[in-house]
Amino acid sequence: MARLHAEERRRQLLATAREEFLRSGPDGTRIGDIADRAGVNVALLYRYFDSKEQLFEEAIVEPLDVLLSTMLDDTVDDDGPAASVDVFFRSLLEIFDDYLDLFNMVLFSDRAHGQAFFNRRLEPFIDALAARARTAGEPWPQTLDPAITTPMCIGMSWGVTVDAHFRGVELDLDHVTEVLVTVATQGLMGSPASRQTPK
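What follows is the structure, encoded as structure tokens:
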């Protein structure tokens, strides 16, 4: 077994732990399984991490937290609120598409863990997005409550991603973003000017 620098070893153990958690779930994963997959003994693993819970937090939860924080910073577009909607949906779809298995594990593998992750990470993320929407000006005539529209838009992105995932089809990021932006800015029926009255 090649000797790795301490930080490289730590990254290797986290990557292995992530794979094992995704394979067996948080309850089904044992420290010994992670050590075996990484090609190290359990004692070495414990030199880097105090517990399986710490491994789960650093391998699964913290990467999602970083993604959400980064996305929150990226949703402001210099071209104004309307352009920010495109950035919002595109970023969210990319995150869900790339990390759907991690989100599923954190939110749904254990009810208590899912509730804790939602309350500690997702709830502040949603609230921050809603607060940003409130101060973004009025790009559209509707005065809808961002506390409702923000989780609604997140839910639309989640639903489209889950649908593509389980159908086994590749998510067309450009097309889906365009559709979601249109729904968010014009609604399903579009603007009155774009609708024709049936004869």
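Just so you know, the sequence shown maps onto residues 1 to 199 in UniProt numbering.
We put the beta carbon where it would ideally sit given N, CA and C, even for glycine.
Since the model is a prediction, treat every value here as computed from it, not as a measurement.
>> Comparing C-alpha positions only, which one of P146, V160 and D50 sits nearest to L180?
In response: Per the Cα distances, V160.
>> Tell me the rounded alpha-carbon separation between T177 and T150.
In response: Approximately 16 Å between the Cα atoms of the pair.
> Once you ignore the five residues that flank R90 on each side, which residues in its own chain have a CB closer than 6 Å to its CB?
Replying inline: The residues are T177.
>> Going by DSSP in three states, H113 sits in which element: helix, strand or coil?
In response: Helix, per DSSP.
> Among S69, P26, S157 and D172, which has the Cα closest to the Cα of R121?
Replying inline: Among S69, P26, S157 and D172, the Cα nearest to that of R121 belongs to S69.
> Taking buried to mean at least 16 other C-beta atoms within 10 Å of its own C-beta, is V169 buried or exposed?
Replying inline: Counting other Cβ atoms within 10 Å of its Cβ, V169 stays below 16 and is therefore classed as exposed.
>> Taking 6 Å as the limit between beta carbons, can you name the residues of its chain near H113, skipping five residues before and five after?
In response: For H113, where only same-chain residues beyond five positions count, there are no Cβ hits under 6 Å.
> Residue range of the alpha helix (DSSP H) that S157 falls in?
Replying inline: Its alpha helix (DSSP H) spans residues P146 to R167.
> Short check: CB of L100 to CB of I154, under 9 Å?
Replying inline: Not in contact: L100 and I154 (Cβ atoms no closer than 9 Å).
> Looking only at its own chain, which residues have a Cβ that is under 8 Å from the Cβ of D74, when we skip the five neighbours before and after it?
Replying inline: The answer, listed in chain order, is V87 and S91.
> Expressed to the nearest angstrom, what Euclidean distance is found between the alpha-carbon atoms of N119 and I126?
Replying inline: Each residue's Cα considered, the two are about 10 Å apart.
> What three-state label does DSSP hand V40 in the structure shown?
Replying inline: Here V40 sits in coil by DSSP.
>> For a test of the three-state rule: what should DSSP assign to R121, helix, strand or coil?
In response: Helix at R121.
> Thinking C-beta only, is M152 closer than 9 Å to L22?
Replying inline: L22 is not a Cβ neighbour of M152, given a cutoff of 9 Å.
>> Just to confirm, is the Cβ distance from D33 to S109 under 9 Å?
In response: 9 Å or more divides the Cβ of D33 from the Cβ of S109.
> From I60, T135, A184 and L13, pick the residue whose C-alpha is nearest to that of Y46; which is it?
Replying inline: Nearest of I60, T135, A184 and L13 to Y46, Cα basis: L13.
> Which term fits L102, buried or exposed, when burial requires 16 or more other beta carbons within 10 angstroms of its beta carbon?
Replying inline: So L102 ends up on the buried side.
> Among I148, E94, A116 and A83, which one has its Cα closest to the Cα of residue 288?
Replying inline: Nothing about residue 288 can be reported from this structure: the residues present for the chain run from 1 to 199 only.
> Given that a residue counts as buried once 16 or more other Cβ atoms are within 10 Å of its Cβ, and exposed if not, what is E20?
Replying inline: By the neighbour-count rule (16 or more Cβ atoms within 10 Å), E20 is buried.
>> For A131 and H175, what's the separation of their Cα atoms in angstroms?
In response: About 28 Å.
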